[in-house]
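In my numbering, the protein residues as written are -18 to 323.
Working notes, beginning with the structure itself.
Pasting the structure below:
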């Protein structure tokens, strides 16, 4: 495990941490930390209790969407490395395995730690961990940081088969970006019959490894659902101040940018100011292109298709539709609110 994966303990007492950055009750007591002291630290917000007897220092790395996944990762490790897991050789799976692999997910349910039995039977639901009764082939089980988890392909298919189309596309694209085998995922998916798999079946042929955030994958999903033309992704445009890689573009005429941190937040290069980003965007427009930006709230309100369609018509990328509005008259919407999941 890399040092960056461990929670920072700066400013906290010298709690004894294991190789995962976790505080075990027994080890803490040996180091002269009483149960009362640990409970008081939890009450003060210094520590987070993951499962009975296992805690972790509270740090900023657990804030936001990515932080929630990082915290669930440690909770999953706490479950399988404590007496809560018992002696059964179950493996982490579904969203829990996804956090171990570092897979991006759209609005995952992280309330429970998921495990799979490796058998067609034996499933159950317990307080901390749903136990899925499903067979696992040898190549569908791997280890991450010494923890047995489902393979990245099996994990992505499990998560994709449990959500809607946008959630399926997001995790499948994340898996492909990390080198997952599309053919293997197709093979695993081909054996699925349960409800929900239809979204994964639709998403897999459309997924690519080019999206660089949850927001970009969700944007692509909304474009597919609205039957908009498929854009090019991560194309580099040469501008006077250098090259600029865009999220989406259509025929080099219309550029689409997802900004997960409100106006120009995510789009800033290192050391760049918002004013620099404005200049760069003006340079792109100088290439006879139009730049359209959207943020998380646009996706939450499902307004992306309405935002893009008039511009796609204006630049003759799609034919006019009855009732389409000119971009000049697109209603002003205040999207500049706190973002998430980007």
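Ideal Cβ positions, reconstructed from N, Cα and C, are used throughout, including at glycine.
Values in this document were obtained by computation on a predicted structure and should not be read as measured data.
Separation of residue j from residue i, as counted between CA atoms
i, j, result
"residue 274", "residue 237", "6 angstroms"
"residue 86", "residue 46", "9 angstroms"
"residue 147", "residue 202", "5 angstroms"
"residue 265", "residue 271", "8 angstroms"
"residue 0", "residue 167", "36 angstroms"
"residue 179", "residue 295", "35 angstroms"
"residue -2", "residue 136", "29 angstroms"
"residue 277", "residue 139", "26 angstroms"
"residue 3", "residue 132", "24 angstroms"
"residue 231", "residue 239", "15 angstroms"
"residue 195", "residue 6", "36 angstroms"
"residue 95", "residue 226", "38 angstroms"
"residue 42", "residue 297", "45 angstroms"
"residue 288", "residue 44", "30 angstroms"
"residue 128", "residue 62", "8 angstroms"
"residue 153", "residue 83", "12 angstroms"
"residue 27", "residue 134", "37 angstroms"
"residue 157", "residue 37", "31 angstroms"
"residue 79", "residue 91", "11 angstroms"
"residue 183", "residue 292", "27 angstroms"
"residue 149", "residue 50", "17 angstroms"
"residue 290", "residue 165", "36 angstroms"
"residue 299", "residue 213", "15 angstroms"
"residue 53", "residue 234", "42 angstroms"
"residue -4", "residue 14", "8 angstroms"
Buried or exposed by the 16-neighbour rule on C-beta atoms within 10 Å, applied to residue i
i, result
"residue 222", "exposed"
"residue 282", "exposed"
"residue 211", "exposed"
"residue 16", "exposed"
"residue 11", "exposed"
"residue 228", "buried"
"residue 77", "buried"
"residue 207", "exposed"
"residue 121", "buried"
"residue 124", "exposed"
"residue 25", "exposed"
"residue 99", "buried"
"residue 217", "exposed"
"residue 48", "exposed"
Residue i in three-state terms, based on DSSP
i, result
"residue 54", "helix"
"residue 316", "Model confidence at residue 316 stands at a pLDDT of 35, short of 50, so the residue's coordinates are unreliable; what they give is reported in the following sentence. Correct three-state label for residue 316: coil."
"residue 289", "helix"
"residue 230", "strand"
"residue 157", "helix"
"residue 71", "coil"
"residue 103", "Below a pLDDT of 50, predicted positions are generally treated as unreliable, and residue 103, at 48, falls in that range; no measurement from the model is reported."
"residue 18", "helix"
"residue 95", "coil"
"residue 298", "coil"
"residue 271", "strand"
"residue 5", "strand"
"residue 327", "Since the displayed the chain opens at -18 and closes at 323, residue 327 lies outside it and no answer follows."
"residue 31", "strand"
"residue 236", "strand"
"residue 115", "strand"
"residue 110", "coil"
"residue 133", "helix"
"residue 123", "strand"
"residue 36", "strand"
Closer than 8 angstroms is the cut-off here; do at least three beta carbon pairs connect the stretch 51 to 59 with the stretch 21 to 38?
yes
Touching by the beta-carbon criterion (3+ pairs, under 8 angstroms), the stretch 156 to 176 and the stretch 194 to 208
no
Can you list, in chain order, the stretches of the alpha helix (DSSP H) that have 4 or more residues and sit fully within the stretch 162 to 233?
163 to 171, 178 to 187 and 195 to 206
Spell out a yes or no on whether the stretch 216 to 235 and the stretch 110 to 125 are touching, meaning 3 or more CB-CB pairs, one atom from each, closer than 8 angstroms.
no
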